[in-house]
Amino acid sequence: MKKNQFKVVSLIIVMVVGAIIGFASSIGNPILAGGGMFAGMAVLYLVKRTVKGVVEDEMNFHINHLASTLTLKLIAICFATVGAILIAMRNTYPQYMDLGFFLAYASCLIIVLYAIFYSYYNRKYEA
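No gaps in the numbering here: position 124 of the sequence shown is 152 in this note's numbering, and each next residue is one more.
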């Protein structure tokens, strides 16, 4: 299979998985949604193995790394900021205080996980 054919097939797989998840959500069946997602990932993996030529190169990996790192940082900052604002507004809007604490704890968890993975890979590759 060529790279362009792979793009078309992967788009079709994503559309089918989206339809399955949408249908499963409408009938309230989380098992079908999870199964459809994992089946789609498995089919996509099997199809990717049949591609002749380069699907991803070092530049794609580098761009992916930069984009995911920036996304992670922005999400952590946004969660922390919105969480702090919601906690600070606890006298005016007390119903949002729990959401504020959830976002604040989620940002802390993201930062801790990032630090753990960073130290692990730093030791593994001794950068």
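The C-beta atom is built at its ideal place from N, Cα and C for all residues, glycine as well.
Straight-line CA distance for residue 127 to residue 31? Position 99 of the sequence shown, counted from the start, is the residue given in the question as residue 127. Position 3 of the sequence shown, counted from the start, is the residue given in the question as residue 31. So the alpha carbons of these two residues sit roughly 44 Å apart.
Would you tell me roughly how many angstroms separate the C-alpha atoms of residue 137 and residue 36, rounded to the nearest one? The residue you call residue 137 lines up with position 109 of the sequence shown. The residue you call residue 36 lines up with position 8 of the sequence shown. So the two alpha carbons sit approximately 37 Å from each other.
Start and end of the alpha helix (DSSP H) containing residue 125? The sequence position of residue 125 within the sequence shown is 97, counting from 1. Here the alpha helix (DSSP H) through residue 125 covers 125-153.
Would you mind sorting residue 131 into buried or exposed? The rule is 16 or more other CB atoms within 10 Å of its CB. Here residue 131 refers to the residue found at position 103 of the sequence shown. Its Cβ being crowded by 16 or more others within 10 Å, residue 131 is buried.
Spatially closest choice to residue 49 from 68, 34 and 102, by CA coordinates: Taking the sequence shown and counting its residues from 1, one reaches residue 49 at position 21. Comparing Cα positions, the closest option is 68.
Is residue 29 closer than 8 Å to residue 79 when the C-beta atoms are compared? Counting from one through the sequence shown, the residue named residue 79 turns up at place 51. Counting from one through the sequence shown, the residue named residue 29 turns up at place 1. Cβ distance < 8 Å, so residue 79 and residue 29 count as in contact.
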